[in-house]
Structure formats: C-alpha cells, structure tokens
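Engineer: From first to last, the protein sequence lines stand for chains C and S. Read in the numbering used here, the first sequence has 611 at position 44, and its numbers run on one by one without any break. Read in the numbering used here, the second sequence has 1126 at position 41, and its numbers run on one by one without any break. Where is the CB? At the ideal position from N, CA and C, for every residue including glycine. Predicted model only: the values in this text are computed from it and were never measured. Here's a structure for you.
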Amino acid sequence: MISIFALEFFRNALVAGLLASVACGVIGTYVVVRRMVSLSGGISHAAFGGIGIGYYLGLDPLLSATVFTVAVALGMGELSLRRRQNLETVIGAMWATGMALGILFIYLSPGFAPDLLGYLFGNILLVPRSDLLLMGALVIVILVVVSLFFRDFFAVTFDEEYARVMNLPVERISLLLLVLVALTVVMLIQVVGIILVIALLTIPAAIAREFTSRLGRMMVLAVALGMAFTMSGIVLSYLLNVPSGATIILVSAAVYGAVMVVRRNRTGALAV
Amino acid sequence: MSGDPVIDVRGVSVAFGRRPALENVDLRVEKGDFYAVIGPNGGGKSTLLKVILGLIRPSEGTVRVLGGTPFERRHLIGYVPQYRTFDFSYPVTVGEMVLSGRLGHIRGFPRRYREEDLAAADRAMETMGIADLAGQEICALSGGQQQRAIIARALVGDPEVLILDEPMVYVDTPTGEHFLNLLTGLCRQMTVLLVTHDIGVLSSRVTKVACLNRRIFTHETAEITGDMLEGAYHCPVDLIAHGLPHRVLGEHEEKERP
C-alpha cells in the first residue's frame, strides 16, 4: 500500500486531485448557491470542442481547451445577460455544439486517435507533471480573484437586481465569475472528465451547504470534502483496478446520499 | 438644484413586446412626500419602479432622479423589491445581507467593509427592530422578519428616497399595524414612494396618491377620488373604497375588524 505512493504517476494524481479540489470547492460553492449547475454542464461539455481543436492544430489540448472554454463561457454570459429567457436554450446549443466540434476535429486530425474516454471520463493517473504546473497556476488565479472580488461575487450571486441598483458592474462581475467556472471546469476535466465534472463541482458544495450558512465556510468545507473524495477515490480505484474518475464520483455521491438521509431523518424534512 | 423634484417621470411609455405596460405616465415626487401609487395587479406598478431605478428603459419619455439620470443617481435610492426576487436559501445571515446594501458606497478595490458601514448596518437593523436577528440565516426568518431585513438593507445606504414595491404582501396581519408605524416613522426622515395593490395598507400619513393601471391618474393630493379609481380599476368605485372622498385607511380598518 505504501509502495504506491512512491510511484511518480500516483503522486502526480494525488496532487492533481488536491489542486482540483481547491478549485471545485471554491467555485462549486458559487455554482450551487447561484444555481448555475446546467450552465456549468454546458461549459464543461463545450470544452470538448477545445480539446478537438487542440489536437487538430497540434497544441496542448489542455491549453486549447482553456482558451476555448473561457471563450464559450464569455459567449454564454453575453447571451444570457442580454437575453435572459433564452439561457437554457443557449446552454443546450453550446453543450452539443462543443461536443460536435470536438468529435469533428479529432476525426480530422492526422495520426492516431487520442484517448477519447480519458477526456470524457477522466484519467487522473495519466496527468503529466507539466499539467500540474498549469493546474497550480489556475488554482492561484482562482483564489486570488475570488479573494479580491469576494463581496462583488456575493452581491451579484445573491441579488443581481439589487447589485444593479447599487451601480455595481454586474455584467463584468458575472462574466468574471463565468471565466472562473470555465477555468475550474478545465482543471476538473483532468481529474474526472468532461461528463463527470458537474458532480465534483456540485456535490462537495451541496454537502457543505448542509452544515454551514456562511459562504466562506461553505467554500472551505467544500474544498476539504473534495480533497477527501478525490484522495479516497484515487486510492480505491487503484486498489480495485477500476476507472478513477468514476470512483471519485461514486464515493462523492455515496457520501452525499448518506448525508441527505441522515439530515432528513434528523430534521424530518429536507432543507431545500 | 434644491427645487428639483426627487423623482420626475415625464411621458413614460413601456411595452413588453406588443403589450403596453405603461402609457404616457407622469409622476412627480417632491422632497418629503410619502407618495403611494395604487392599482390592480399587472397594472404596471413594478414596471414604473424599475423604470425609475433604470432597470427598464422606457420606449418613450424621460426619467430624472435627484436631478440626474436613474443610472447616475440610483445608488442614492433605497429599494425594497417585491419580495422573493432572490433565493432565500442563499447562505447568508441577516447582518451580512443588510451590510451588503453598503456596497454601492464602497469605491475602493477590493471592496472591504469599513467601521462606518458596520455602524450603518447596526443602525438600520435597530430601526427595523431586527438587531437581535443579525446572526440568523435569512431562511430561518418569518415572512415579516425577512421583509424587515430587506427594508433594513435599503436603509443602510442612507438613501434620500425609499422605494417600496408591495411592502405589505408578506407581512402577517398581527404585525401589520406595527409595520405600518415603522414605515410612517421612516417617511418623516426621507422621501418615500410606495406601490401597492391593497388600498387598505395606506397610512393616513400618505401625502399624495396616484392610481396606476397602464395609465396614471392623480390630483397630486392625498385624496383618492372616484374618477381616479374608475380610471385605474374600471369598476364601480363603491366596490373598492367606501364613502369617498374620505381617507381610505380609516374606513378599511373599521370595516375589517369585527
């Protein structure tokens, strides 16, 4: 058991899991309280288009996915801020269009087809050292921006209309938050893959919400939970020799379910 | 400058698609007014307030607030939206929510609350009688307490004018009177513009009344007359208010108590 920690790929996987947990705890908190779950789902699936373009152009897929996903998030933000009622439709369109672009560009790319399942469902055991540096940089960016804009993000996610009346730059703050969601999604693709991102973004924050009524504490608790889920998921998947992304999600979902059952029995009703 | 009305709405029309919401509406609120706009649900009351706040751009007409455009001046307005426009399951305490009403006054970057902001929040919660609830999560409050917290958030920015959209809807009847007294107290300190569909909530301190149902009817006095109500409600006056042109509140209070 101890011996696996001596393997570099395994240590890389653990570090990647910890870094991703920080991002998903902090940003996932906003996703949950602001109810941006389907928006985040749309952004993460659209990211596949960025990966495909990266392959086609011979770039690092993670880098091209970062640029593409941020662009998609800004596009969705523009459309949703201008035409609020169409947001769900926009999400659906972007979701599928991104996936379609990804498939098309990967098909057109010369040479071997890349490991598609790795991107769709994650393969944290294959995270290279260079990606850890990029992930570390993204985590620092996310933490710095959130600490600088903590009050602004609160105002806009809590009551957008009132933030507008207070003359806060609501559009710019909303777009900035969407960019952070996009960056987080890109990081999480490494860990659990495009399809499973949404669970890691929401489950730790949703559990944390059950235990605290403060935004800051919710973030800290969600980060801790995310770390526990990814660590135990990675170790479990290694020991059982099953896919890591799916294991992480199932561990998270099991804890979430257990928390829900316990809370329901204690309070007699589910806190909504 | 001092002669400027606090709110000056001239010839404002708003349409959502092909459905007109406001037609050629004029509204002049002077400093110190306690102005009530009444009218049926769907009559454009909230739309009028949003036009004043610069949240909706009118297709015709002009709006001036405190001598400037709504966009320039709206941070000097305390706004009490028609409740439930935000998510009460948001993880925030009453104290934090009230304090957030100061954010429009904090220019520095990053925005940080200062001593004066904390003091203003304490004062606002004191005024609304919710100081003891500061540490409570907002979803744990009763409807009336939540409404007070929302008004406290509007007061915390020391506004020159307070705009209230249906402030009584979620306030239960036993606390209703106390609540009205609170509002009446506020109107001594600042200009108040209130919209409601419920004539029964009008305080005797209201200085001006208008009736709004797409078009606006007013004599710029505290009297509600038959022609105003007929214009706004399109139904026989005696169904709405009795013994016009008496003050409405007194009548209703007597009638509703057995």
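I'd like to check one pair, residue 587 of chain C with residue 735 of chain C: are the Cβ atoms closer than 8 Å?
Structural biologist: In this structure, residue 587 of chain C does not lie closer than 8 Å to residue 735 of chain C by Cβ.
Engineer: Name the residues in the region 769 to 783 of chain C whose C-beta lies less than 7 Å from a C-beta of chain S; which are they?
Structural biologist: Cβ contacts with chain S: 776, 779, 780, 781 and 782.
Engineer: With the cut-off set at 8 Å, would you say residue 772 of chain C and residue 595 of chain C are in Cβ contact?
Structural biologist: Contact flag set, yes.
Engineer: What does the Cβ neighbour count give for residue 707 of chain C, buried or exposed, with the cut at 16 atoms within 10 Å?
Structural biologist: Result: exposed.
Engineer: What would DSSP say about residue 1143 of chain S, mapped onto helix, strand or coil?
Structural biologist: Coil, per DSSP.
Engineer: Is there at least one Cβ from chain C nearer than 8 Å to residue 1233 of chain S's Cβ?
Structural biologist: Not closer than 8 Å to any Cβ of chain C, the Cβ of residue 1233 of chain S fails to qualify, so no.
Engineer: Scan the region 1152 to 1233 of chain S and note each continuous alpha helix (DSSP H) run of 4 residues or more that stays entirely inside, going in chain order.
Structural biologist: Those alpha helix (DSSP H) runs which fall completely within the region 1152 to 1233 of chain S and span 4+ residues are 1155 to 1158, 1179 to 1185 and 1200 to 1212.
Engineer: Whole angstroms is fine: what's the gap from residue 1173 of chain S's alpha carbon to residue 725 of chain C's?
Structural biologist: Cα-Cα distance, rounded: 9 Å.
Engineer: Using a C-beta cutoff of 8 Å, does residue 1177 of chain S count as contacting chain C?
Structural biologist: Output row for residue 1177 of chain S: interface = yes.
Engineer: Note down the Cα distance separating residue 577 of chain C from residue 816 of chain C, rounded to an integer number of angstroms.
Structural biologist: Between residue 577 of chain C and residue 816 of chain C, the C-alpha separation is close to 18 Å.
Engineer: My assumption, with CB atoms under 8 Å, is that residue 640 of chain C sits in contact with residue 749 of chain C. Please give the rounded CB distance.
Structural biologist: Right, the Cβ-Cβ distance comes to about 4 Å (below 8 Å), so this counts as a contact.
Engineer: Can you tell me where the alpha helix (DSSP H) holding residue 576 of chain C begins and where it ends?
Structural biologist: Where residue 576 of chain C is concerned, the enclosing alpha helix (DSSP H) stretches over 575 to 600.
Engineer: In chain S, what lies closer than 7 Å to residue 806 of chain C by C-beta?
Structural biologist: Per Cβ cutoff of 7 Å: no residues; residue 806 of chain C is ~36 Å from chain S at best.
Engineer: Looking only at DSSP bridge pairs, what is residue 1293 of chain S linked to?
Structural biologist: S/1120.
Engineer: Please tell me whether residue 653 of chain C has its Cβ less than 8 Å away from any Cβ of chain S.
Structural biologist: Not an interface residue.
Engineer: Are the CB atoms of residue 544 of chain C and residue 712 of chain C nearer to each other than 8 Å?
Structural biologist: With chain C represented from 568 up to 839, any question about residue 544 of chain C goes unanswered, as that position is not in the structure.
Engineer: Indicate whether residue 1162 of chain S and residue 1246 of chain S have their beta-carbon atoms separated by less than 8 Å.
Structural biologist: Result yes, Cβ atoms of residue 1162 of chain S and residue 1246 of chain S sit closer than 8 Å.
Engineer: What is the rounded straight-line gap between the Cα of residue 1177 of chain S and the Cα of residue 1296 of chain S?
Structural biologist: The alpha-carbon atoms of residue 1177 of chain S and residue 1296 of chain S are separated by roughly 37 Å.
Engineer: Please tell me whether residue 1303 of chain S has its Cβ less than 8 Å away from any Cβ of chain C.
Structural biologist: For residue 1303 of chain S, the answer is no, since every Cβ of chain C falls outside 8 Å of its Cβ.
Engineer: Leaving out five residues on either side along the sequence, give the residues of the same chain with a beta carbon under 8 Å from the beta carbon of residue 605 of chain C.
Structural biologist: Closer than 8 Å at the Cβ level, and outside the excluded window around residue 605 of chain C, lie 655 and 658.
Engineer: Looking at the structure shown, is residue 670 of chain C part of a helix, part of a strand, or coil, going by DSSP?
Structural biologist: If DSSP states are grouped into helix, strand and coil, residue 670 of chain C belongs with the helices.
Engineer: Quick check on the burial criterion: 16 or more other C-beta atoms within 10 angstroms. Buried or exposed for residue 1132 of chain S?
Structural biologist: It is buried - the Cβ of residue 1132 of chain S has at least 16 other Cβ atoms within 10 Å.
Engineer: Would you report the Cα separation of residue 1119 of chain S and residue 1291 of chain S, rounded to the nearest angstrom?
Structural biologist: C-alpha separation (whole angstroms): 5 Å.
Engineer: Pick helix, strand or coil for residue 1099 of chain S, following the three-state DSSP scheme.
Structural biologist: Residue 1099 of chain S: strand per DSSP, three-state reduction.
Engineer: What does the Cβ neighbour count give for residue 1262 of chain S, buried or exposed, with the cut at 16 atoms within 10 Å?
Structural biologist: Exposed.
Engineer: Buried or exposed: where does residue 1195 of chain S fall if 16 or more other Cβ atoms within 10 Å of its Cβ makes it buried?
Structural biologist: It counts as exposed.
Engineer: Using CA atoms only, rank isn't needed, just tell me which of S/1306, S/1221, S/1278 and S/1226 is closest to residue 1239 of chain S.
Structural biologist: Ranking S/1306, S/1221, S/1278 and S/1226 by Cα distance to residue 1239 of chain S puts S/1278 first.
Engineer: Give the range of the beta strand (DSSP E) segment to which residue 1115 of chain S is assigned.
Structural biologist: Here residue 1115 of chain S belongs to no beta strand (DSSP E), and DSSP marks it neither H nor E.
Engineer: Might you give, ordered along the chain, the residues of its own chain that have their beta carbon closer than 6 Å to the beta carbon of residue 814 of chain C, omitting 5 neighbours on each side?
Structural biologist: Correct list, in chain order: 800, 803 and 804.
Engineer: Compare the Cα-Cα distances from residue 621 of chain C to each of C/634, C/730 and C/729 and report the closest residue.
Structural biologist: Minimum Cα distance to residue 621 of chain C is reached at C/634.
Engineer: Are the C-beta atoms of residue 1164 of chain S and some chain C residue less than 8 Å apart?
Structural biologist: With 8 Å as the cut-off, residue 1164 of chain S counts as an interface residue toward chain C.
Engineer: When DSSP labels each residue in this structure, what does residue 1249 of chain S get in the three-state scheme?
Structural biologist: Three-state result, residue 1249 of chain S: strand.
Engineer: Since residue 735 of chain C meets chain S, which of its residues come closer than 8 Å, beta carbon to beta carbon?
Structural biologist: Ordered by position in chain S, the residues that pass the 8 Å Cβ test against residue 735 of chain C are 1188 and 1189.
Engineer: Less than 7 Å between the CB of residue 787 of chain C and some heavy atom of the ligand SAM, yes or no?
Structural biologist: Ligands displayed in this structure: none; no statement on the ligand SAM is therefore possible.
Engineer: Counting only the same chain and skipping the five closest in sequence on each side, list residues whose C-beta sits under 7 Å from that of residue 1301 of chain S.
Structural biologist: Around residue 1301 of chain S: 1110, 1111, 1112 and 1295.
Engineer: Cα separation between residue 839 of chain C and residue 1096 of chain S?
Structural biologist: For residue 839 of chain C, the pLDDT reaches just 42, beneath the cut-off of 50, and the residue's location in the model is therefore unreliable, leaving the point undetermined.
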